[in-house]
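Here the sequence shown is numbered in the working numbering, starting from 3 and rising by one per residue.
Here is the structure we will look at.
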Amino acid sequence: MTLAGGAVHAKDVLVKIGHIAPLSGPQAHYGKDNESGARLAIDDLNKMKIQVDGGTAKFQLVAEDDAADPKTGAIVAQKLCDMKVNGIVGHLNSGTTIPASRIYYDCGIPQITPSATTPKVTKQGFESVFRVIAHDGVLGVALAKYAVDEMKVKRVVVIDDRTGYGQPLADIFTKQLEAKGVKVLERHYTNDKATDFAAILTSVKRVNPDLVFYGGMDAQAGPMLRQMKQLGIKAKLIGGDGICTTELMRLGGDNVGSNVLCAEGGMALSKMPGGPAFEKRFKAQFKADIQVYAPFVYDAVMTMGMAMKNAKSADPKKYLPKLKEIRHEGVIGTIAFDEVGDVLNAAVTLNSYGPQGKFPVKVVN
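Written out as structure tokens, the structure reads:
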């Protein structure tokens with residue numbers, strides 16, 4: 003655990019924002035990217051001198067590592083409840099967010115996830131759960147529509163990592179694909195720790211698809227792309243926001259290019275209202291490229307802070323109603339929530355890769 007925010011003075015009101023993401027393991031680059039976005043927001047909130055509960059809010063970030071593991075995520079969630087943090091931004095993964103969200107709900111702490119995209123997150127009946135990114139129902143439909151209408155695919159294999167993120171996304175994609183008249187040739191399963199896909203890809207090569215869909219993260223998609231090239235598989239690879247990172251180019255080597263298409267919630271960074279300025283600031287402070295979610299994390303923290311400002315309180319019971327009715331102009335655009343806590347009017351950006359990295363191909367509203 004780390005604390006950021008500086009010393010607390012007598013007239014300050016300590017406001018603790020919990021942030022949880024994988025800070026260790028193969029997904030640590032996502033977690034560190036997310037945490038950096040949160041730290042920028044904490045700095046900005048403290049500069050605003052927000053008045054809550056009779057004093058000036060002194061925001062502190064309580065950062066925890068869930069290692070992308072649901073059991074660890076639940077343990078960390080209970081720890082943050084016991085610490086009586088004022089709000090939660092996280093978790094990164096759907097598989098960790100879902101069990102943790104019940105814990106936060108039971109202890110009365112509002113939660114905004116910047117990146118957990120499975121639809122189930124906001125359909126559990128928890129009024130305190132919110133999401134600032136398009137969910138997989140939107141991403142899966144957009145990918146299937148593009149694959150059939152634009153790529154004209156006929157032969158498709160679907161692979162997923164059986165996580166709370168990857169499997170539902172693959173299910174949605176498969177359902178939408180078949181609704182458009184394209185039958186999936188084979189469906190394969192791996193896990194989010196795998197690096198050897200020889201058995202799966204040998205079967206894939208035999209059926210000779212023109213498209214492979216992968217529901218999972220870049221830590222598996224990268225090695226999969228390398229091994230596809232080694233086996234002479236010419237199929238394109240597409241997937242959701244889990245593979246839509248700058249890190250994919252390193253992980254996948256020279257088999258990452260126009261043969262890869264990925265979808266991410268929201269506008270491309272360059273098209274976000276505050277994207278270019280945020281990217282410049284992020285790079286200057288952290289000496290690193292943005293992976294995917296840092297702008298969404300920044301906006302999630304800022305949105306929570308603005309709800310507290312509007313309520314003049316960091317008490318979850320008092321600012322939760324303001325969070326439900328919030329309208330905040332953020333880096334990613336206007337943030338407002340529907341009746342279940344999903345962000346309104348979420349866009350989806352389809353991206354591919356070239357010599358200069360990831361670039362947008364099409365925006366779907």
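Where a beta carbon is used, it is the ideal one built from N, C-alpha and C, also for glycine.
Contact check, residue i vs residue j, beta carbons under 7 Å
| i | j | result |
| --- | --- | --- |
| G343 | F132 | yes |
| G217 | L250 | no |
| L203 | A237 | no |
| V303 | A40 | yes |
| Y300 | L42 | yes |
| A70 | N95 | yes |
| F215 | I240 | yes |
| A149 | V155 | yes |
| Q126 | I90 | no |
| Y191 | T120 | no |
| K324 | A309 | yes |
One or two residues paired with residue i in a DSSP bridge
| i | result |
| --- | --- |
| P170 | DSSP, once it has assigned bridges, lists no residue as partnering P170. |
| V158 | V186 and L213 |
| T351 | E266 and V365 |
| T74 | Paired residues: none, contrary to the question. |
| T58 | D14 and Q53 |
| L25 | DSSP lists no partner for L25. |
| F132 | I114 |
| K360 | Y355 |
| D67 | A23 |
| D344 | R133 |
| H330 | I337 |
Selected residue, minimal CA-CA separation from residue i, among the options
| i | options | result |
| --- | --- | --- |
| S130 | V150, A338 and K326 | K326 |
| H137 | I161, V155, F175 and D162 | F175 |
| C264 | S315, Q80, Y191 and V366 | V366 |
| A221 | Q232, G244 and S205 | G244 |
| L352 | H31, S103, M153 and F128 | M153 |
| Q293 | S38, R329, M308 and I135 | S38 |
| G75 | H93, F199, M85 and N88 | H93 |
| D198 | Q232, G259 and K34 | Q232 |
| I334 | T98, L346 and N193 | L346 |
| P368 | S117, C109, K73 and M85 | No answer is possible for residue 368: it lies beyond the span of the chain, which begins at 3 and ends at 367. |
| K182 | L253, K147, I52 and D194 | K147 |
| D35 | T336, R329, A118 and D291 | D291 |
| Q29 | D194, I77 and P275 | D194 |
| D173 | Y107, R252 and G242 | G242 |
| L253 | Y106, R189, M50 and M219 | M219 |
| L145 | K320, I77 and E180 | E180 |
Distance, residue j Cα to residue i Cα
| i | j | result |
| --- | --- | --- |
| G7 | A316 | Low confidence applies here, because G7 scores a pLDDT of 48, under 50, leaving its location unreliable; read the following figure in that light. If I take the Cα positions, the gap works out to 16 Å. |
| L16 | A296 | 24 Å |
| A286 | V54 | 31 Å |
| D46 | E66 | 21 Å |
| L5 | N312 | Because the pLDDT at L5 is just 49, under 50, the model does not fix this residue reliably, and the value given afterwards should be weighed accordingly. Taking the straight line joining both Cα atoms gives about 25 Å. |
| L322 | M306 | 9 Å |
| R208 | K185 | 17 Å |
| F205 | T248 | The displayed chain sequence assigns Ser, not Phe, to residue 205. Spanning the two alpha carbons is a distance of roughly 29 Å. |
| H21 | N261 | 35 Å |
| K81 | A196 | 30 Å |
| P170 | P318 | 31 Å |
| G359 | L271 | 13 Å |
| M3 | T115 | Bear in mind that the predicted position of M3 carries a pLDDT of just 44, short of 50, making it unreliable; the figure below should be weighed with that in mind. Distance between the alpha carbons of M3 and T115 is about 19 Å. |
| G57 | V159 | 58 Å |
| K314 | V123 | 28 Å |
| D340 | A201 | 44 Å |
| L227 | L187 | 19 Å |
| L63 | T165 | 28 Å |
| Q178 | V143 | 6 Å |
| I328 | I337 | 7 Å |
| G97 | K49 | 34 Å |
| G332 | P275 | 8 Å |
| R104 | F128 | 8 Å |
| D108 | K320 | 16 Å |
| K189 | H330 | Residue identity check: residue 189 is Arg in the sequence provided, not Lys. Between R189 and H330, the C-alpha separation is close to 41 Å. |
| Y106 | I235 | 45 Å |
| D151 | G255 | 29 Å |
| S354 | D163 | 22 Å |
Supposed contact pair residue j and residue i - C-beta distance, whole angstroms, cut 8 Å
| i | j | result |
| --- | --- | --- |
| C83 | I44 | C83 to I44, Cβ: 20 Å. No contact. |
| N257 | M230 | 6 Å |
| P362 | K273 | 7 Å |
| G277 | A349 | Contact flag wrong, Cβ pair sits at about 12 Å. |
| K18 | N88 | 6 Å |
| I135 | F284 | Rounded, the Cβ-Cβ distance is 17 Å, inconsistent with contact. |
| D68 | A23 | 7 Å |
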